[in-house]
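Engineer: This is the structure, below, for whatever I ask next.
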Amino acid sequence: MVKKDKEIQDIELQGIIGSQIRNSLGYLGGELSSQRRKSIEYYLGDKLGTEIDGRSQVVSTDVSDTVESILPNLLRVFTASDKVVRCDPITAEDIEISEQATAYLNHVFYKQNDGFSLLYNFFKDALIEKNGFLKIYWDESETIEHETYRNLTPAEKEALNDTKDEIEVIEEETIVDEVVKEQQEMARQQAEQQGVDISNVEFPDPVLFNCKIKRIRKQGQVKIESIPPEEFLIERKAKTIKDADFVAHKVFMSRSQLIEMGFDEETVNNLPASQDQNFNTEDVARTRNIESHNLDTPTDNSTAKIQVFETYIRYDYDNDGVAELRKIICAGEDGHFILENMPCDSIPFVTITPIPMPHRFYGRSISELVEDIQLMKSTVMRQLLDNMYLTNNNRVAIMDGMVNMDDLLTTRPGGVVRTKQPPGQVMQPLQAQPISNQAFPMLSYLDSVREVRTGISKQVQGLDPNTLNAKTATGVNALMTQTQMRSELIARIFAETGVKDLFRKIFELMV
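Residue numbering for the sequence shown is 1320 to 1830, as defined by the numbering used here.
If you want it as structure tokens, here you go:
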């Protein structure tokens, strides 16, 4: 009866997980995915979709320029010193412990993990795609090393096993130690000459060993990973990760990887393969300028990709009326196949956003503030270039039959155009109306709008350093203060949210 109840409970849990996955933010596209894909395309300067054959297709790079101008200031705030975090003591007795914790946290972040790259990806994802994500967990990984030894004595061979590592002998060859054998023979001869009975003396076997071993090192440590935003799922009504009833990490893993993680081989081989990763629109947008046709084709069944969800769900599993947090690893399109179900203490994800929105999880990105500016500037620049092309290569009105068409259409320096009457009477250029007087002020206006929205100006970007020479000291200070205030606000938001949460989780894992 208990087994039946558990089977019914597992079926109910499968249904709940599948429903949560399908209804979560970020699952299978939606408005959120479309906005992030659009931001990536604008950052990379992809075509806008309004291009006309034969016309200018230039794209302004305002999103990229703005993001790359803000990013150095943010990284300098956090990485200017060798201590990205510092623990403050509460009482005098905590001073020594706080110093040790500070040293350990920075060691874990910079030495055991690539701290700078993690912060770079963390911040850049947030500036472009609304939110950046990191995953923090304790990694019990194994390192396999193959070693070869020659001429080992029995004592030296035994010493190989005197370690915490797991040793597996792959090949072993026993050979005679001629030196020891000769020494033993000499000892016996000397004993016989001296009349000493050594028949009861046991000599060790004169052998040496040649062997190849496999050493498996188990190194547990805090692991920090940068998570692509499209892999993170959260319930729609959640406002923070901590209070969410459902959070998931969606990844694609090979059958071989799942078996290495310890899951049953037969169960893994029966899981359905997935092709959804080939239709991940955000990843396609991210890699389009490198590879236009991004398809992952498995070489055999062991490398076939399985869609895996590492879910964290609040669920009353023990029927005591209180929902507890559980970590459930499941596979399949909607997580139908449960591979692991265990209780856990916390959700191992942290997030940041440059412009938090009250009472909702996802904030706004810097890219969103500039995308329409990039569209308008690209449109004006295209029309300006088209106008210049038409001005330099204007159309010509001719009197039919009075001009040699081959001569007219063959444009070359010093070329001759044959006409039957004076050119002024049979030919007339159609002049395009120049728009530069209106276009350049419009571009300057759009730049000023971008400066107001983001706080990033040409002077701060370093695009036009001579303009600072014409400004007063007060004006320059005001300009720099405005930019610093915007960058400092974003840095403070990052520090008080995701970065602080990151080191809290590292501290929780080390105590």
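Here a beta-carbon is modelled for each residue, glycine too, at the ideal position from N, C-alpha and C.
For Ile1463, which three-state DSSP category applies?
Structural biologist: It is a strand residue.
Engineer: Measuring CA to CA, which of Asp1481, Thr1698, Ser1545, Leu1762 is closest to Arg1374?
Structural biologist: Arg1374 has its Cα closest to that of Thr1698, out of Asp1481, Thr1698, Ser1545, Leu1762.
Engineer: For the beta strand (DSSP E) containing Leu1552, name the first residue and the last one.
Structural biologist: Unbroken beta strand (DSSP E) run through Leu1552: 1551-1553.
Engineer: Do you know offhand how far Asp1725's Cα is from Gln1702's?
Structural biologist: For Asp1725 and Gln1702, the distance between alpha carbons rounds to 30 Å.
Engineer: Tell me whether Ser1806 is buried or exposed, calling it buried when 16 or more other Cβ atoms sit within 10 Å of its Cβ.
Structural biologist: Looking at its Cβ environment, which holds 16 or more other Cβ atoms inside 10 Å, Ser1806 is buried.
Engineer: CB-CB under 6 Å to Ile1812, same chain, minus the five flanking residues each way: which ones, in chain order?
Structural biologist: Same-chain partners within the cutoff: there are none.
Engineer: Once the 5 residues before and after Gly1337 are set aside, which same chain residues still bring their CB inside 8 Å of it?
Structural biologist: The residues are Asp1653, Gly1654, His1655.
Engineer: Report the rounded CA-to-CA distance for Glu1584 versus Ser1621, giving the unit in angstroms.
Structural biologist: The alpha-carbon atoms of Glu1584 and Ser1621 are separated by roughly 11 Å.
Engineer: Under the three-state reduction of DSSP, which class applies to Asn1706: helix, strand or coil?
Structural biologist: Of the three classes helix, strand and coil, the one that applies to Asn1706 here is helix, per DSSP.
Engineer: Let me know the secondary structure DSSP gives Val1403 once reduced to three states.
Structural biologist: Val1403: coil per DSSP, three-state reduction.
Engineer: If you measure between the beta carbons of Leu1821 and Ile1553, is that distance less than 7 Å?
Structural biologist: Contact flag unset, no.
Engineer: Let me confirm a value: Tyr1361 is counted as buried when at least 16 other C-beta atoms fall within 10 Å, else exposed. Which label applies?
Structural biologist: Per the 10 Å Cβ criterion, buried.
Engineer: Return helix, strand or coil for Val1526, following the three-state DSSP convention.
Structural biologist: Strand at Val1526.
Engineer: State yes or no: is the beta carbon of Glu1659 nearer than 7 Å to at least one beta carbon in chain B?
Structural biologist: The question asks about chain B, but that chain is absent: this structure has only one protein chain.
Engineer: Express the C-alpha separation of Val1488 and Asn1529 in angstroms, rounding to a whole number.
Structural biologist: Rounded to the nearest angstrom, the two C-alpha atoms are 11 Å apart.
Engineer: So what does His1568 bridge to, in DSSP terms?
Structural biologist: Per DSSP, Phe1551, Glu1629.
Engineer: Would DSSP call Met1761 helix, strand or coil?
Structural biologist: Note: Met1761 maps to helix in three-state DSSP.
Engineer: Contact between the segment 1602-1609 and the segment 1626-1633 is defined here as three or more beta-carbon pairs at a separation below 8 Å; is this criterion met?
Structural biologist: Touching, no, given that fewer than three Cβ pairs across the two stretches are closer than 8 Å.
Engineer: Does DSSP classify Gly1283 as helix, strand or coil?
Structural biologist: What the structure shows of the chain is the stretch from 1320 to 1830, and residue 1283 is not part of that stretch, so it cannot be assessed.
Engineer: If we count Cβ pairs, one from each stretch, closer than 8 Å, do we get three or more for the segment 1700-1718 versus the segment 1739-1752?
Structural biologist: Yes, the segment 1700-1718 touches the segment 1739-1752.
Engineer: Counting only runs of 3+ residues fully inside the segment 1647-1719, write out the beta strand (DSSP E) ranges in chain order.
Structural biologist: DSSP runs (the beta strand (DSSP E)) wholly in the segment 1647-1719: 1656-1662, 1668-1671, 1714-1717.
Engineer: With DSSP as the reference, identify every bridge partner of Ile1543, one or two as the case may be.
Structural biologist: DSSP lists Ile1455 as partners of Ile1543.
Engineer: Is it the case that the Cβ atoms of Thr1385 and Val1771 are separated by a distance below 7 Å?
Structural biologist: Not in contact: Thr1385 and Val1771 (Cβ atoms no closer than 7 Å).
Engineer: Quick one: what does DSSP say Leu1363 is sitting in, helix, strand or coil?
Structural biologist: The answer is helix: DSSP assigns Leu1363 an H, G or I state.
Engineer: For the segment 1585-1592 against the segment 1538-1557, are there 3 or more C-beta pairs whose distance is under 8 Å?
Structural biologist: Counting Cβ pairs under 8 Å, fewer than three are found: no touch.
Engineer: What residues in its chain sit with their C-beta under 6 Å from that of Gln1431, if we drop five residues either side in the sequence?
Structural biologist: Cβ neighbours of Gln1431 beyond the five flanking positions: Gln1540.
Engineer: Just verifying my parser: in three-state terms, what is the DSSP assignment at Pro1748?
Structural biologist: Residue state, collapsed to three classes: strand.
Engineer: Taking the alpha-carbon positions, what's the Val1526 to Ala1478 distance?
Structural biologist: Taking the straight line from one Cα to the other gives about 16 Å.
Engineer: Closest to Ala1650 by C-alpha separation, out of Ala1474, Ala1567, Arg1679, would be which residue?
Structural biologist: The residue with the shortest Cα to Cα distance from Ala1650 is Ala1567.
Engineer: Quick one, which of Lys1366, Arg1731, Gln1744, Gly1734 has its alpha-carbon nearest Met1721's?
Structural biologist: The candidate whose alpha carbon is nearest that of Met1721 is Gln1744.
Engineer: Sorted by chain position, which residues of the same chain lie with C-beta nearer than 8 Å to Asn1788's C-beta, five sequence neighbours on each side aside?
Structural biologist: Per-residue confidence for Asn1788 stands at a pLDDT of 43, beneath the threshold of 50, marking its modelled position as unreliable; the derived number appears in the next sentence. Counting only Cβ-Cβ distances below 8 Å, and skipping sequence neighbours, we find nothing.
Engineer: Three-state secondary structure (DSSP) at Tyr1294?
Structural biologist: Because the chain here runs from 1320 to 1830, residue 1294 falls outside it and cannot be looked at.
Engineer: Which residue marks the beginning of the beta strand (DSSP E) containing Thr1493, and which one marks its end?
Structural biologist: Looking at the DSSP string, the run of the beta strand (DSSP E) that includes Thr1493 is 1485-1495.
Engineer: Check the DSSP bridge columns for Tyr1468 and list the partner residues they point to.
Structural biologist: DSSP, once it has assigned bridges, lists Cys1530 as partnering Tyr1468.
Engineer: With Lys1449 and Ser1767 assumed to form a contact (beta carbons below 8 Å), what rounded beta-carbon distance in angstroms separates them?
Structural biologist: That pair is no contact at about 26 Å.
Engineer: Can you tell me whether Glu1831 is helix, strand or coil according to DSSP?
Structural biologist: Residue 1831 is absent from the model: the chain starts at 1320 and stops at 1830.
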